Amino acid sequence: MSALPSGFLWGAATSAHQTEGNNVASDWWAMENAPGAPFQRSGDAVDSYHRYPEDMGLLADAGLNAYRFGIEWARIEPAPGHFSRAALDHYRRMITAARQRGLSPVVTLHHFTVPAWFAADGGWLRPDAVERFSRYVEYASQILDDVEWVCTINEPNMIAIVSVVLRRRVQGGASEAVTAHVLPEPDREISDALIAAHRNSVDVLRRTTNAKVGWTVAQQAFTPTPGNENVFARVKESYEDRFLAAARGDDFIGVQSYTSQPVGPEGPVPHPPHPDNTLVGSAYRPDALGIALRNAWEVGAGTPLLVSENGIATADDDQRIAYTQAALRHLEEAHAEGIDIRGYLHWSALDNYEWGRWEPTFGLIAVDRETFRRTPKPSLAWLGDVARRGGLPPAGDTPVPTLATGGTHP
Ligand code: BGC
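Start counting the sequence shown at 27; every next residue gets the next number (this note's numbering).
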């Protein structure tokens, strides 16, 4: 199999709200702390706001060369038009700290959370949403001059899906959890606003930085079930492809893949119970990464790809290693077919706040939430070894832990 390119990014990813703690000016903080909210609170999260040097040190020492993290709009613009120099300086220190440790920073400007004031006035449906976001991006661009990779918006399709879930919940309807396997159709107006915001920010960032600019798209690796090819085509278009197509000509598309989901007559089919299902209830499908890469390559019309998230919610670290090894085999196959893949960033660096819940653990590093003590899991050293070699050893060379159930999927 042909070697991955030199300069390939091997890293791990986090977001600001899920790790920093006390993101008090954000809409998610307001939701979590509303009386009777059906969420666990993020609280101190894992205190990465203060402990990022340690987090980065662990990743670099393991052998990784990239770290994807977010900067938080709600901290940088806590009140409309009032920008915090101190918050921006904090993120500049993070960028410098990553570079000093040999980690290429991959910086996300918006990862699900927005300032509470932005949300209170309609969020992405505000008439000035695109302008407000662009103004924030312009301000943030001051610290990005030596950053090579910038992601404008994380998973716009998931934002447009989750907004529907949250609206239904506020209206007293459904009680679905905010998880990736319960998927109402993305809100069309919000999708359009996010696409416009992305396009505007790409222009701003191309004018103000030298960074490679893109956004990341959640991919469910949808597959058709017999007789439902038309529903499949419609679902794939509205849930994912329009967001991939909107990134054509960007410097990269961030591929985010966890599982694969069949599409039936009513749309995406919920994952049936299975002993190998992950802690968020999704099917164990490391092969999803290959499906996602091929789809993004085709719909993105040859825009380079960066795997910006791939991982598994499990309490069993052997299962995490087995999943990641299998996913990387699928990545290497896609690369051998000629797909331009620039890096692999594992979700997540740390066990962190999983949007309303603490139980699903995705991390390469465990965190004691009382003491904030970090304990690297064997999967971190394993991924670091892969990074040092520049890819997986040839199949059969290294024993990989097998799943208790044997696993049912490739
Ligand atoms: C998001 C992360 C999330 C992860 C696991 C992605 O949709 O970008 O914030 O924690 O999936 O559910």
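Glycine included, every Cβ here is placed at the ideal spot set by N, Cα and C. All values derive from a computational prediction rather than experimental measurement.
If you measure between the beta carbons of E181 and V243, is that distance less than 8 Å? The residue you call residue 181 lines up with position 155 of the sequence shown. The residue you call residue 243 lines up with position 217 of the sequence shown. Cβ atoms of E181 and V243: closer than 8 Å.
Around the Cβ of P386, are there at least 16 other Cβ atoms within 10 angstroms (buried) or fewer (exposed)? Stepping through the sequence shown from its first residue, residue 386 is reached at position 360. P386 should be labelled buried.
If you count every other CB in all the chains shown that lies within 10 Å of the CB of Q168, and 16 or more means buried, which is it? Residue mapping note: residue 168 aligns to position 142 of the sequence shown, counting from 1. With fewer than 16 other Cβ atoms within 10 Å, it is exposed.
Should the segment 69 to 86 be called in touch with the segment 102 to 112, which here means at least 3 C-beta pairs below 8 Å? no
The beta strand (DSSP E) enclosing H372, as first and last residue numbers: In the sequence shown, residue 372 corresponds to position 346, counting from 1. First-last of the beta strand (DSSP E) with H372: 367 to 373.
Residues bridged to P294 (per DSSP): Numbered from its first residue, the sequence shown carries residue 294 at position 268. Beta-bridge pairing links P294 to V289.
Quick check on T350: does DSSP put it in helix, strand or coil? In the sequence shown, counting from the first residue as 1, residue 350 sits at position 324. Here T350 sits in helix by DSSP.
Kindly indicate which residue of R400, N91, E215 has the alpha-carbon position closest to the one of L371. Here residue 371 is taken as the residue at index 345 of the sequence shown, counted from 1. It is N91 whose Cα lies nearest to the Cα of L371.
According to DSSP, simplified to helix, strand and coil, what is A339? Residue numbering aside, residue 339 sits at position 313 when the sequence shown is read from its first letter. Looking at A339 - three-state DSSP - the assignment turns out to be coil, as it is neither helix nor strand.
Inter-residue spacing [alpha-carbon to alpha-carbon] between F355 and E157: If you number the sequence shown from 1, residue 355 lands on position 329. If you number the sequence shown from 1, residue 157 lands on position 131. Per the sequence presented here, residue 355 reads as Arg, with Phe not at that position. Cα-Cα distance, rounded: 42 Å.
List the residues that DSSP assigns as beta-bridge partners of N130. Within the sequence shown, residue 130 is the residue found at index 104, counting from 1. The question names Asn, but residue 130 in the sequence shown is Ser. According to DSSP, S130 bridges with A92.
In terms of residues, what are the limits of the beta strand (DSSP E) holding I179? One-based indexing of the sequence shown puts residue 179 at position 153. Taken as a continuous stretch (DSSP letters only), the beta strand (DSSP E) holding I179 covers 175 to 180.
Between which two residues does the beta strand (DSSP E) carrying R400 extend? Along the sequence shown, read from residue 1 onward, the residue named residue 400 stands at position 374. First-last of the beta strand (DSSP E) with R400: 400 to 402.
Do A375 and L390 have their C-beta atoms closer together than 8 Å? Position 349 of the sequence shown, counted from the first residue, corresponds to residue 375. Position 364 of the sequence shown, counted from the first residue, corresponds to residue 390. Result yes, Cβ atoms of A375 and L390 sit closer than 8 Å.
Tell me whether I97 sits in a helix, a strand or coil according to DSSP, three-state version. In the sequence shown, counting from the first residue as 1, residue 97 sits at position 71. In this structure, I97 counts as coil in the three-state DSSP scheme.
Note down the Cα distance separating A352 from D313, rounded to an integer number of angstroms. Taking the sequence shown and counting its residues from 1, one reaches residue 352 at position 326. Taking the sequence shown and counting its residues from 1, one reaches residue 313 at position 287. Cα to Cα, A352 sits roughly 7 Å from D313.
Please classify I217: does DSSP put it in a helix, a strand, or coil? Position 191 of the sequence shown holds residue 217. The residue asked about is misnamed: residue 217 is Ser in this sequence, not Ile. It is helical.
Verify whether the separation of the beta carbon atoms of V72 and V393 is less than 8 Å. Counted from its first residue, the sequence shown places residue 72 at position 46. Counted from its first residue, the sequence shown places residue 393 at position 367. Yes; because the gap between Cβ atoms is below 8 Å, this pair is in contact.
By Cβ distance below 6 Å, which residues in the same chain neighbour T339 in space, the five residues on each side in sequence not counted? Start at 1 with the first residue of the sequence shown, and residue 339 comes out as number 313. Checking the displayed sequence, the identity of residue 339 turns out to be Ala instead of Thr. Sequence-distant partners of A339 (beyond 5 residues in either direction) whose C-beta falls short of 6 Å from its own C-beta, in its chain, are T304, L305, V306, P386, F388.
Which residue's Cα is closest to the Cα of T134: W99, A105, H361? The residue you call residue 134 lines up with position 108 of the sequence shown. When only C-alpha atoms are compared, the closest one is W99.
Taking the straight line between their C-alpha atoms, what separation do you get for G62 and R233? Taking the first residue of the sequence shown as 1, we reach residue 62 at position 36. Taking the first residue of the sequence shown as 1, we reach residue 233 at position 207. If you take the alpha carbons of G62 and R233, they lie about 45 Å apart.
Where does Q168 fall in DSSP's three states? To locate residue 168, count along the sequence shown from 1; it is residue 142. The answer is helix: DSSP assigns Q168 an H, G or I state.
Presumed contact (8 Å Cβ cut-off) between L319 and L331, rounded CB distance: Along the sequence shown, one-based indexing puts residue 319 at 293. Along the sequence shown, one-based indexing puts residue 331 at 305. At roughly 6 Å, the Cβ-Cβ gap stays under 8 Å, so L319 and L331 are in contact.
Helix, strand or coil: which one does DSSP assign to A79? Working through the sequence shown from its first residue, we reach residue 79 at position 53. In the sequence as presented, Ala is not what sits at residue 79; that position holds Pro. When DSSP states are grouped into helix, strand and coil, P79 belongs to the helix group.
In whole angstroms, give me the CA-to-CA distance for P288 and P294. As a working mapping, residue 288 is identified with position 262 in the sequence shown. As a working mapping, residue 294 is identified with position 268 in the sequence shown. Going from the Cα of P288 to the Cα of P294 covers about 6 Å.
Please confirm if K403 has its CB atom under 8 Å from at least one CB of chain D. Included in the structure is just one protein chain, with no chain D present.
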